[in-house]
Amino acid sequence: MPTDHRNVSLTGYLATFAALVVLALFSLVLSFVGLGAWAMPIALVVAGIKALLVALVFMHLVEQPSANSFVALSALALVVVFIGLVVADVDTRPSKSVSGGVGRDSRR
Amino acid sequence: MIEVSPVPSFLAAKTGPRAWLLTRDHKRIGLMFLFATVAFLFLGGAFAMLLRTELVRPERDLFDATMYNRLFTMHGVVMVFLFMIPSIPAGFGNFVLPIMIGARDVAFPRLNLASFYIYLIGAFVTLGSLVGGGVDTGWTFYTPYSSTSPTAVAPTAIGIFIIGISSIITGINFITTVHTMRAKGMRWHDMPLFVWSIYATSIIQVLATPVLGLTLVLVGLDHVLGIGLFDPRVGGDPVLYQHLFWFYSHPAVYIMILPAMGVISEIVCTFAHRNPASYRAIAYSSLGIAFVGFLTWGHHLFVSGMSETDAAIFGVLSMFVAVFSAIKVFTWTGTLYRASIRLGTPLGYLFAFLFLFVFGGMTGVAVATQSLDVPWHDTYFVVAHFHFIMVGGTTTAFLAAWHYWFPKMFGRMYDERVGLLTAALVFGGFFMTFFPQFLLGNAGMPRRYYSYPDQYQALHVLSTGGSWALGLAMLLAFGQLVVAWRKGPRAPANPWHSRSFEWSTSSPPPEHNFVGPFVVRRGAYDYDLTQEEADARSTDR
Amino acid sequence: MNEIVREMLALPPQASTVAAEIDLLHFWVIGVTMFGATMIAALALWFTVRYRASRVGGKPSDAVERVQTPARIEIGLIALLVLLFLSWWVVGARQYSRLQTPPDDALEIWVVAKQWMWKFTDAEGNESESRLFVPVGQPVKLVMTSRDVIHSFYVPDFRVKMDVVPGRYTTVWFEATATGSYPILCTEYCGTEHSGMRGEVVVLSPTEYARWLRGGKAPQIAGIVYREPGAAEREIPRESIELVDQGERIAAREGCLRCHTTDGSPHIGPSFAGLYDTLVTMQDGSVVRADEAYLTASMMDPREHIHAGFPPVMPSYRGRLDPGETAALVELIRELAPHERWDTPAQTPSPKPDDRYPEPDAPGLPTYPPTRGVAGAIK
Amino acid sequence: MPAPRTAEHFADLATQQRAARLGMWTFLASEVLLFAGLFALYGAYRVRYRDAFAEAVRHNTLWFGTTNTFVLLTSSLTVALAVRAIRADRCGSALVFVGLTIVLGLGFLGIKGFEYADHIEHGLLPARFFSSDVITGPGAIIFYTIYWIATGLHGVHVTAGLCVLGWLATRIAHDRVDATNPVALELGAMYWHLVDMIWLFLWPLLYLTR
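Protein chains in written order, with this note's numbering: chain R, 474 to 581; chain E, 4 to 544; chain C, 245 to 623; chain P, 13 to 222.
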């Protein structure tokens, strides 16, 4: 007796895989186009879409109870908060509190 | 009336070492965690007494600086990782939570036993570093000192990493148990409040401990192989280490206090013999603390050279997390209004908790005020603040839980008069030890000082005297429980006349907690039902 | 009033411009804390007495009517608390930003913190150790960096504190309002002699300060006498002998540093620092001069002459160290003996203020105790 | 083929499987947080050494990373198809798909090995072992320290995933895991998808944001 949830059709999986490959190629091409300051956010958004696809379709998150999605979302939220506040600290420091580099001729 | 339960208790069901070492019964695992954490409480306490005795005079009394530094580090490591974090969640949580939600066991019993053994292995590896001379970096392992200290940093880091794994496993176990194994008919708002606080604690354990794992890996790599991400010689920034460390360690202080709040919620409703002033306030403030607790770690870095704007952001977030604790305190006090209160040792500890936790919590908000943190940071004021919360709050609640669930766990009653006396002694010893440290902090006495300027000596002597009194009181408190375990009178199933579900099974409970499937048609605090009606609506027959 | 409360709370005298303000916020916050804690406990005790079971009557098994605190009281209390805490945050943040931004006309002094001592250099190059001489009534800005681990510059009387982080500059400022001597304490744990890393800020009247600047003998100021910083501090001279450098790497690789420290503090084995060419008493009471022969012999068969007071746990290195490596190790131990280092010039001059914010590279990156031999590995 | 044993403390089989999946998702959340620390450090140092980081990324082996991305994406597909096959009770094809996933995983590690060899040859090593003459300065050293620690930790997780898949393959072969008890393979597949998702984020950060 197969378990309760219905199966994602074969074409569903292959379509998702195709989307993932296209998105990967897209982010590769984007990296050659010099986007400057926008390169990082766009790259992360594309990666986020790919991760969302893998989670919803391949990991069947869509058909699982909401508790699982809640767990995934809270983990993601904490990662974003963690990175955001740490980067905010380094970004808003007075510019000249530069951290010393080793340089070629570091003396002991 | 003490009805004899038809099924033998979980202790009597199987005996012999195999019944304990290979058990998958959450009650036995809970007891094993409790015995281990009490043992580490006394080990850490012994280190603390040595430290205090050394500080009686400004210069060298018992041992030299290197020994002192290793001692205060091991005091921190043993107390934080081996006692505070596992004591209530893994000890009482394991024992009581499944019974409270009417389940026969936790979701993954084998994983539960693995969690205990991983905890023991982690403990022995951490304490094993003592053989190699111990570690003298403080329990915070701040780089760059932790990467250049010649002491055994790597073994201790590995030991704590292993203990972290046990903490994550316990967290996963409890979250899954609460979600999938509640008794038939028990909605989320029918569950006892202790279950809510253990659920919130598990969320923090699962989401925060991995970051500690990564931090310890980085410390180990830096110390052993010299591959340091925080090494200024290669351009790293030690302040980023503090970000990573405190991202775990601030939620960790909520791992320590949330279960204590759960115990206090249970005791105040039972001894006030009425429903909590506002069930939703306490339940949702537990979740509030769990999530907002992740946003406030920056107040540990106010004077470490972080940026001013980031300090302001962390300052305001730290203020909000204090509000959730205040909600709980008001609701507990409100629960005593128009109640019918019976005196008991757990209630004695509850008063100690109320005063000390509020005083400790408010000084926490004071220290989170940015301009006040500048003179107070890393002085004895901060030491006094977190001891008021950890000892005044969590350890007091730990003792209260021991007395509250003692009849349920061992089927025996302790002597109320001796219990209340030891509660008073613990409160007195504690206050005499740590209140002078607030004044020391104000006077500017820094933390982790082996020798100190002479003008601080008077307060140090007072604090040391208090620490001996506290040590004695702790011995009396647990000694009294051992005596009661051996010679106490038999306890009925519901000695406190509580309506909570763990009291609707025999004491000590049978191996699968209930005789038949447990069905519930009421909430955990329906004191507006008579005991007979309440029992009729939550039975296992 | 201010004085009485300050004495009661054991706060040190307010000797800087910001101290009075911070103490005001302090009295307000601590007052609310004590008031809140005692009120909660008193309310709980009063409820317990008023609603004790014997007075309320009834058996524990019968029903009690449900009492629900009206939401508006809960929300009202919470709103009050949120406003109270936010007001603390607003005042605290404003004072904090004042503490973080030094005035422009501040007198700049460079501070170098090193394992277990402070070194001060002002704009004209006057250097002083552990005692910082500043004029009264003028803002002083300290630009600080550390040579090894994180320290923290704390003067309780000025209510100022700032960590001193290796590899970058952090600044702290104060304006002393009264002459005298105020202790400097290191509050960030920095190793064995962390509690010995103390100094004092000597605040002089403008005339006295001018006289000191001219190099006159520093006037003795009544005040708390601080203790000399602790253990022998050692530095490897700049142009390290290639052999020593190699010796270091071998010591790290072979695990000598697991038991022997290089900063004078005894560990499982005797410390390498200050060992060479000194008279060493053996376990059997005999006295031996720790020269090359003794050092080499004790590497090959350590159990022959055991240093008094140390466990015989050292493994033998016979066959694991070739002569060149042994020589390098002996060279390292010889190099760590104290007598040679005092005469070598301070290895890297204190940071000279060539522009407002010199790159920390200028004075040479803060180095480490050579136990890790880092720079050598970086080609 | 033994019927799946409902552990005595669960109400029924469905609850037991729901509990297993929720437990696995909670465990995956803790794994995500493990890598969050490294992403935070990457973000912080990227802000500090803006152009040195971009320079160091330009010197990274782009084509090794890109092929690895496609290898992992394909392995995600094959493991998902394995779960679909096991649910349709086609144990044979499920075994084939799991085998394919393991081969792709080993391929990933192989390519990683060559990539590491290439870095070692160019001296792009972590922290104090960094000895490249082409790019210098703290930014580059810190980037390659993060690169080695992040990809190393990810490699450990790939290896762990391969061990789990290998064990699952034996279980399928012995008919212990089949249509009536597919949960074990689902959990193994979820872990493998997580490893792939982490690489999906590592790839842009370490190779693309030039």
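Yeah, the Cβ is synthetic: ideal placement off N, Cα and C, and Gly gets one too.
Residue i CB to nearest chain R CB: under 9 Å?
i, result
"residue 64(E)", "no"
"residue 208(P)", "yes"
"residue 67(P)", "no"
"residue 93(P)", "yes"
"residue 534(E)", "no"
"residue 138(P)", "no"
Answer yes or no: does any C-beta atom of chain E fall closer than 9 Å to that of residue i?
i, result
"residue 213(C)", "With chain C covering 245 to 623 only, the question about residue 213(C) has no answer from this structure."
"residue 221(P)", "no"
"residue 48(P)", "yes"
"residue 204(P)", "no"
"residue 284(C)", "yes"
"residue 213(P)", "no"
"residue 253(C)", "yes"
"residue 440(C)", "yes"
"residue 61(P)", "yes"
"residue 424(C)", "no"
"residue 169(P)", "no"
Less than 9 Å between the C-beta atoms of residue i and residue j, yes or no?
i, j, result
"residue 515(E)", "residue 107(E)", "yes"
"residue 309(E)", "residue 566(R)", "yes"
"residue 40(E)", "residue 98(E)", "no"
"residue 441(E)", "residue 384(E)", "yes"
"residue 542(E)", "residue 450(E)", "no"
"residue 91(P)", "residue 110(P)", "yes"
"residue 219(P)", "residue 155(P)", "no"
"residue 26(E)", "residue 89(E)", "no"
Determine the closest residue to residue i out of the options, with distance taken between C-alpha atoms.
i, options, result
"residue 295(C)", "482(E), 522(E), 345(E)", "345(E)"
"residue 261(C)", "388(C), 576(C), 347(C)", "347(C)"
"residue 58(E)", "519(E), 159(E), 455(E)", "455(E)"
"residue 315(E)", "128(E), 331(E), 328(E), 298(E)", "298(E)"
"residue 160(E)", "118(E), 202(E), 281(E), 76(E)", "76(E)"
"residue 103(E)", "113(E), 191(E), 279(E), 67(E)", "191(E)"
"residue 16(E)", "121(E), 538(E), 521(E), 512(E)", "512(E)"
"residue 395(C)", "315(C), 411(C), 380(C)", "411(C)"
"residue 204(E)", "481(E), 95(E), 417(E)", "95(E)"
"residue 148(P)", "237(E), 271(E), 251(E)", "237(E)"
Measuring straight from C-alpha to C-alpha, what distance separates residue i and residue j?
i, j, result
"residue 183(E)", "residue 111(E)", "11 Å"
"residue 475(C)", "residue 265(E)", "Caution is warranted here: a pLDDT of 30 is assigned to residue 475(C), below 50, making its placement in the model unreliable, and the coordinate value is therefore given only provisionally. Rounded to whole angstroms, residue 475(C) to residue 265(E) spans 49 Å at the Cα level."
"residue 222(P)", "residue 45(E)", "56 Å"
"residue 149(E)", "residue 136(E)", "15 Å"
"residue 124(P)", "residue 534(R)", "30 Å"
"residue 583(C)", "residue 154(E)", "Note that residue 583(C) has pLDDT 44, beneath the 50 cutoff, so the model's placement of it is unreliable and no number is given."
"residue 247(C)", "residue 256(C)", "10 Å"
"residue 189(E)", "residue 157(P)", "52 Å"
"residue 168(E)", "residue 216(E)", "8 Å"
"residue 441(C)", "residue 72(P)", "45 Å"
"residue 590(C)", "residue 53(P)", "Low local confidence applies: a pLDDT of 32 at residue 590(C) is under 50, so the model's placement there is unreliable, and no value is given."
"residue 339(E)", "residue 332(E)", "11 Å"
Between residue i and chain P, is the shortest Cβ-Cβ distance under 9 Å, so that the two count as touching?
i, result
"residue 569(R)", "Note on residue 569(R): pLDDT 43, under 50, position unreliable in the model; the coordinate value appears next. Chain P contact via Cβ: absent."
"residue 535(R)", "no"
"residue 484(R)", "no"
"residue 184(E)", "yes"
Does any residue of chain C have a CB that is nearer than 9 Å to the CB of residue i?
i, result
"residue 376(E)", "yes"
Alpha helix (DSSP H) segments (min. 4 residues) lying fully within the stretch 359-391 of chain E = 373-379
Taking the runs of the beta strand (DSSP E) that are 3 residues or longer, which of them lie wholly in the stretch 13-66 of chain E?
-> none
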